[in-house]
Each structure stands twice: as structure tokens, then as C-alpha cells.
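Below: one structure, written as C-alpha cells.
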Amino acid sequence: MIKLDNLTKAFATASGSILAADHINIAVDEGEICMLLGPSGCGKTTTLKMINRLIQPSSGKIYINGKDTDAYDPVELRRSIGYVIQQVGLFPNMTVEENICVVPRLLGWDKSKAHKRAAELLAMVNLDPALFLSRYPKELSGGQQQRIGVARALAADPPVLLMDEPFGAIDPINREVIQDEFRKLQRRLRKTVMFVSHDVDEAVKMADKIAIFRAGKLEQFDTPDNILAHPANDFIADFVGTDRTLKRLQLVKVVAAVEVTAPQISIDHSLEHATAIMNEHGGEFAIVIDDAGRPHAWLAAGGSHRDGTTVAARSADLPGTVTVDDDLRTAVSLMFRHAVSWLAVVDEAGRFRGCITQNGITRLLGETYRAPGAP
Amino acid sequence: MKAVVAPQRGRGFIVAAIAVAFALGALAQRGGLVDDIASYSGDIIFLTQQHISLVAISGALAIVVGVPLGILLSRPAMRSVAESIMQILNVGTTVPTLAVLALAMTFLGIGTVPAIFALWLASLLPIVRNAYAGMRAVPRHLIEAATGMGMRPLEILLRVELPNALFVTFAGIRTALAINVGTAPLAFLIGGGGLGELIFTGISLNEPGMMLAGAIPTALLAVIVDYTVGVLSYWAVPRGVNPLR
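Those protein sequences? They're chains P and W, same order as listed.
Numbering of the first sequence is given in the numbering used here, commencing with residue 1 and proceeding in unit increments.
Numbering of the second sequence is given in the numbering used here, commencing with residue 1001 and proceeding in unit increments.
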């Protein structure tokens, strides 16, 4: 969808020319988010701005949908690409509606169509159109402004979105919320997004691909998991942090680590019957399931029991459950909080799906290091 | 809806003007000045019209020339020379208007034309300066956002830069017109007419009635012009960039 081919930008300075971007090659598929990541001055923003020709490349080509962007008139090109900047850049002299409708109006949409689109977009970014359409930017909080910044970029439904540290100026709590909202939006809209950031966590959370820059050079371009698991050099290992393996936890869903080893027993079973099942199964514990298939409690193996005792009397409450869609970071955090080494996993309906164990997670994360070809 | 309130400065002027008018009125009545002043009513009407036309013509010309000049100087292509030109204009502001009048008379002779020229020059500078400063104060990232969204330079100028610079520009126009109205009586000295005729003649003849017949309308005119421009800027500057709304 977006292909950067040997893209190079040299700036002339008093002390000679500086390569802000040095033969950058990146290919991003349709519907993917590609994060351009790196310390300040590494060339990530320069690379981004070359895509909508705010900066003219010194050499190299940019293809969008296979078409060379040099073939477009820069103004036409920009109108077909959504653009969000860190300072938001909402025009203070215009209302929210007028801000959102800038590109649609430039493209010659009629007023009622643009108005409808603005209302629709506001609802999409979780702001009430009736309340916000006629407000001015100065009457909005930072988070609201940035939501409208995103809505404005999406106004004419461009296939490509360029975002230059869009959530960098928002406080951490609101940033998380907006990132989650944007991810949800992106799952629906499937835009091809180039996203500049200097925040590794943001990149890991949002990206399908990450491109790490240093001093104008592209150091590594890969999936977030590969970058965290196999950083190409010391600089990248340093940049993504010594806790990079922990960061991988949030990339993996619980469903990938579920093991269905624990035996299931019913709350109404006699303890004798339950023990028989557990012995046969050979596990250290069993999960007590209620009639609807929901995990109710757990029962440790072994221990003496008198005849007639029920499962209900001997089982212990579960410390907590995770759903299949949670990420492993949530799961591990829950394990540590309750000082346990396993957790019951449920599906969206709350039915028991299996267990995850610390060993299982360790094994799963370790696979990539044992894979053939891994260092 | 918010009530319509006049800008703060304008309101202050009105209150002060009313207080002064009352005090003067009381004094004047006792000394028989009111009858004195009334006897010049024909002159007052004629000269006020002349005064207004001096202010209107020179002020309008200053706006028509000053605002575009300020905008022109703010263009990126002018960046290298803009600051030096602004310095020259700043030096220009320090030349007393009386000296400008004298110079204008030297080149253009006497009458309305040199008077309008001098008033135009005196009010041009604040307008250019504010239009320029207002345009330069438009944040870079707004222009970047506008460019990135695919606005052409003229669209950016008309839809982003000008509206955001408008408040500061209006402040310049207001200052300029205040200077203009206040300076206009001097036009009489080079044969330009206006209410200065009553004031200066009154002074020469030590005739307080005649003097006040010129001074009071001049003062009223200044207040009215300032108020009008204030109200105009209140409504003309978009709410999002108008600190008064």
C-alpha cells in the first residue's frame, strides 16, 4: 500500500550536508499501522513528511497503492491523505464542525453532506455531536482536541493516515484511553497508517510493523514481537529496553497460552468421585465447574478426606479469571498479585476454557528463541 | 446568549467623556458659555463634516494600504527584508505629526491634499505594524496543518492566517484612528480645514466659546470613532480567536 523506495533526504547546513533520511526502504500493507520509532532527530518525522511532500525528498521514490507520488499534484496528494500533528493544529477561528469539514469542503462537498459527515465522525470519536459541533477549539480539553484532530484527518475517508506523535502532548491516562479508542476505530476502518512516536510502549501497543530509526538510518523494520525478541543490534536492544521481554507479554493474547490440562469436576460430585477423576488425570488441582460451565472454585489434589464430604466443602475460591482476549501482561499481573502460578481462563460468556500457567507462558515466549535460525 | 457588551476600553472612554461633559456643561452654563458655543452652530456643522471627511479619507487610505502592506511583509519571501522595513517604519512613528505636516506642506503645498497625506502617514504605521505582527504570530503548526491537509497558499492566507491575525490587526486600526482623529485639528495649520479652525482661532483670539465649539466636537468624535471600531472588531473577529467574546 505504502512503499518507500531508497527514500533519502539531505539537508544542507553550514557544516556540510546532513542525511536526515538515508536510503529508507519500508513497505506497509493495506490496513496496517507502521510505527516510525526512534530518538529525536533520527529522521522519523522527516520520513513521514516526505510521504505527503511537506518535505521534498532528495532522492528515492514513494509509492501509494503502486502509484508514484511524484505523479500527483502535491495539493491533490495531501487532500487524499489524512494528517494529524502533535500540536493538533485545529484552526482556532473555526468551530469544530468547520475544522472537520476543511478537507471535504476543499474537495467540493456540499454543505449538508459535510455536516452529516462531521456529526458522524464526532460520534465515532466518542464526542456528542449536538454538544461539540458548534464549539471552538479553545473550549475543548487537550484530549477532546486531539480526538477532533483525528476526526478531521478522517473526514474525507482517506485510505492513508499520517500521524506525527499525535498523542504525545496528552496526559498519560487520557493517552491510554485515546490509544485504545484509536485501536478500536482502526479495527473497523482499516486505514493504512504511518505513525511517528518515540514511545516504545505506544509502538508495541499499536503497531503491526515497527521501523526503528537512528541518525537518519533505518536500523530495523519488523513486527513488534520480532523487534522485542530479536533486536538487530545493541542500539535497538537498548532503545526498546531491558524489559523488552516483558513488553512482549502485551502482544500475546491469553488464548495462545491456554492449556486444557486441569480436570473439571462438578460442584455436586462427592469428594471421592472428584479424587478419582483427579488421580486418573494426574493433575495437581481440579477446577470446579457450575452447571453453566463457569469455573466456580478449585480443588487441590491429595489431602485426606472422610466419606460423605462434598467438593463444595473442600474447594477454595479462584483468585481470579482471565478471558481469552486479555493479553498475557494482564494475566501475569494477576498471577503476581495473587501469588499464584496458574489462572483459570474463560471465554466471553464466562465458560471455562482451560488454564494458563507461568511455565506455559515461559515456554510460549521462549519458543521464538529456540526457533531455527534464531540466534 | 451573551449580552452585547462594548469592549472594556471603549466603555471607559464613554464614562469619562460623560463625566467630563457634565462638569464642563455645568461650568459653561454658569459662565454663559453654552450660548457662546451655540452661536457657532453653523460653523460647527460645516467644520465637523470637513473634519470627518479628513479622518475618513486618510483613515480609509491608511487601512487600504497598511493592511495589505503588513500582510505582504509577513510573507516568507519577504522575510529577509521585512524586519528592516519594519525598523524604518518604527523610526517613522517617532517623527512628530506636526513635523510631518510641515514636510507635507513643503512638497504638496497647502490645502486638503497635504493634510490628508500627513494624517494618512501618521495612521499608516500602527496599522502596518499590527497587521505584520498579527500575521507573524499565527502559530507555525497551524500553517503546517493547513498545508498538510492540502490547502493552497491563498486558501491558507484567507482561511487560516487572516482570521487568526484579525484581532491584532483591528487593534492597530483602532490605535491608528485614535491618532488620526486627535491629529486632524492640526490640519487647519496647513489650510486643511476641520474643527482645528475653531480651536486654533479661539486660542488666538482668547475666545473660550469658540475654542470649545471646536474642542468638544473633536473630543466627541474621538470617542465615537473609538467606540465604533471597538464594536466592529467585537463582531468581525471570529469568536474562537476573539479574547473579548
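For every residue, glycine included, the Cβ atom is placed at its ideal position computed from N, Cα and C.
It should be emphasised that the depicted structure is a prediction, and the values quoted were computed from it without experimental measurement.
Using the C-alpha atoms, what's the distance from residue j back to residue i?
i         : j         : result
Arg187/P  : Leu140/P  : 27 angstroms
Pro1185/W : Leu1198/W : 9 angstroms
Asp325/P  : Gly82/P   : 31 angstroms
Ile178/P  : Val322/P  : 24 angstroms
Arg1239/W : Val1229/W : 17 angstroms
Thr1183/W : Leu1244/W : 28 angstroms
Ala374/P  : Ile173/P  : For Ala374/P, the predicted structure reports a pLDDT of 47, less than 50, and the residue's modelled location is therefore unreliable. A value from the coordinates is still provided. Computed Cα separation, rounded: 37 angstroms.
Leu1205/W : Ser1039/W : 16 angstroms
Arg329/P  : Thr13/P   : 46 angstroms
Val160/P  : Arg78/P   : 10 angstroms
Thr1169/W : Ser59/P   : 43 angstroms
Phe239/P  : Pro263/P  : 44 angstroms
Thr1147/W : Arg363/P  : 51 angstroms
Ser17/P   : Ala237/P  : 29 angstroms
Asp164/P  : Phe235/P  : 23 angstroms
Gly1066/W : Leu1125/W : 7 angstroms
Leu1103/W : Ile1190/W : 10 angstroms
Leu185/P  : Ile148/P  : 13 angstroms
Lys1002/W : Leu1162/W : Residue placement at Lys1002/W is poorly supported in this model, since its pLDDT is 42, which falls under 50; the coordinates are not used for a value here.
Val125/P  : Ala119/P  : 10 angstroms
Ala151/P  : Phe182/P  : 10 angstroms
Residues of chain W with CB closer than 9 angstroms to the CB of residue i, please, in chain order.
i       : result
Arg78/P : Thr1147, Gly1148, Met1149, Gly1150, Met1151
Asn65/P : What Asn65/P touches in chain W: nothing, since even the nearest Cβ is about 17 angstroms away.
Residues of chain W with a CB under 8 angstroms from the CB of residue i: which are they?
i        : result
Asn6/P   : Here the premise fails: no neighbours, minimum Cβ distance about 24 angstroms.
Tyr83/P  : Ala1145, Gly1148, Met1149
Val103/P : Met1149, Gly1150
Would you say residue i faces chain W, with C-beta separation under 8 angstroms as the test?
i        : result
Gly43/P  : no
Met94/P  : yes
Gly366/P : no
Val204/P : no
Val196/P : no
Ala374/P : Low per-residue confidence applies at Ala374/P: pLDDT is 47, beneath 50, and the placement is therefore not dependable enough to give any value.
Val345/P : no
Val75/P  : yes
Leu106/P : yes
Would residue i count as contacting chain P if we go by Cβ distances under 8 angstroms?
i         : result
Pro1238/W : yes
Leu1142/W : yes
Val1241/W : yes
Met1001/W : Its pLDDT being 39, under 50, Met1001/W is placed unreliably by the model, and the measurement read from it follows with that caveat. Judged by the 8 angstroms Cβ criterion, Met1001/W is not in contact with chain P.
Val1004/W : Confidence is the limiting factor: at Val1004/W the pLDDT is only 43, short of 50, which leaves the residue's position unreliable and the question unanswerable from this model.
Tyr1234/W : no
Using 7 angstroms as the cut-off, classify the Cβ of residue i as near or not near the heavy atoms of the ligand ADP, replying yes or no.
i        : result
Ile173/P : Here there are no bound small molecules, and the ligand ADP is not part of this structure.
Mind listing the chain P neighbours of residue i? Cutoff is C-beta to C-beta under 7 angstroms, in chain order.
i         : result
Val1067/W : Residues of chain P passing the Cβ test: none, with the nearest at roughly 17 angstroms.
What are the residues that DSSP puts in a beta bridge with residue i?
i         : result
Trp342/P  : Thr357/P
Ser59/P   : Thr8/P
Leu37/P   : Ser197/P, Ile212/P
Thr1169/W : None, per the DSSP bridge assignment.
Leu162/P  : Tyr83/P, Met194/P
Gln264/P  : Ile287/P
Gln220/P  : Ile212/P
Ile2/P    : Val28/P, Ile64/P
Ala300/P  : Phe285/P
Asp327/P  : Lys253/P
So residue i contacts chain W; which residues on that side make the cut at Cβ distance below 7 angstroms?
i        : result
Asn174/P : Per Cβ cutoff of 7 angstroms: no residues; Asn174/P is ~20 angstroms from chain W at best.
Gly89/P  : His1141, Leu1142, Glu1144, Ala1145
Asn52/P  : Gly1148
Q: Taking a Cβ distance cut-off of 7 angstroms, strictly less, list which residues of the stretch 1155–1168 of chain W are near chain P, in chain order.
A: The residues in question are Val1160, Pro1163, Asn1164.
Q | chain W contacts made by the stretch 134–155 of chain P, where a contact means CB separation under 7 angstroms | A | Answer set for the stretch 134–155 of chain P: Tyr136, Pro137, Lys138.
Q. At a Cβ cut of 8 angstroms, what residues of the stretch 1114–1134 of chain W count as close to chain P, listed as they run along the chain?
A. Within the stretch 1114–1134 of chain W, no residue qualifies.
Q. Taking Cβ-Cβ distances below 8 angstroms as the criterion, which residues of the stretch 1170–1181 of chain W are in contact with chain P?
A. Cβ contacts with chain P come from no residue of the stretch 1170–1181 of chain W.
Q: Select from the stretch 108–132 of chain P all residues with a C-beta closer than 7 angstroms to any C-beta belonging to chain W, and list them in chain order.
A: If the cut-off is 7 angstroms between Cβ atoms, the stretch 108–132 of chain P has nothing near chain W.
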